[in-house]
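Heads up, the thing below is written out as structure tokens.
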Amino acid sequence: MNLTESFRARTGFARNTSRRLANYPKSVRILLVALFIAALYVTPYWTEVPVLGWIVNTPGTSFPNVLTDQVMIYVLVALGLNVVVGLAGLLDLGYVGFYAVGAYTTAVLTSAHGNLPWLLCLPIAVVISMLAGLVLGTPTLRLRGDYLAIVTLGF
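Following my numbering, the numbering of the sequence shown begins with 3 at its first residue and continues without gaps.
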């Protein structure tokens, strides 16, 4: 099976599923969507779920805070990738490495060893990430396209 056939099979499944759901009355479709959303909200609080319940329901944390933190982290990464890939047109596969440098710097400075306030650590982490990007990005200034992607994959 080549790529075109697998794409047709996948979109065919989605098309058949949407047709099957379209046959139901509107009230049943709304009820199914509401049940699905309710299941997503209830699952983290249900401790008997074998995989998810014990991971999310750790003592001292609240699910909405954990979820919001994760969503905001991914939003920041997506915005940065939009600037690098979308606006600048550069395929930088090592982008998340610089994000990790900032996250690690913040973690070290706010730990028991650093004991600094979080808001003070943010500008420090930005400067250290910027310096890491400058040091690792300077050799790749003349590269474009696939060559840039291959070189930055090593970062």
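Beta carbons are placed, not taken as given, at the ideal position from N, Cα and C, and that holds for glycine.
Sequence-distant partners of Tyr-97 (beyond 5 residues in either direction) whose C-beta falls short of 7 Å from its own C-beta, in its chain, are Gly-82, Leu-83 and Val-86.
Taking C-beta atoms under 8 Å as the contact rule, Val-153 and Leu-145 qualify, at a distance of about 6 Å. Only exposed fits Ser-20, as fewer than 16 other CB atoms lie within 10 angstroms of its CB. DSSP places Asn-25 outside both helix and strand once states are collapsed to three, so it counts as coil. Here Leu-111 is not near Ala-151, since their CB atoms are 7 Å or more apart. For Gly-99, the uninterrupted alpha helix (DSSP H) segment begins and ends at 97-112.
Taking every protein chain shown into account, the CB of Val-103 has 16 or more other CB atoms within 10 angstroms, so this residue is buried. In this structure, Leu-138 and Phe-157 form a Cβ contact; the two beta carbons are roughly 5 Å apart against a cut-off of 8 Å. Burial check for Ser-113: the Cβ neighbour count within 10 Å stays below 16, so the residue is exposed.
In the displayed model, Asn-117 falls within coil according to three-state DSSP, outside both helix and strand.
DSSP places Thr-140 in no alpha helix (DSSP H); its state is neither H nor E. In the structure shown, the three-state DSSP call for Phe-38 is helix. Note that the C-beta distance between Thr-107 and Ile-130 is below 7 Å. At a Cβ-Cβ threshold of 7 Å, Leu-155 and Leu-95 count as neighbours.
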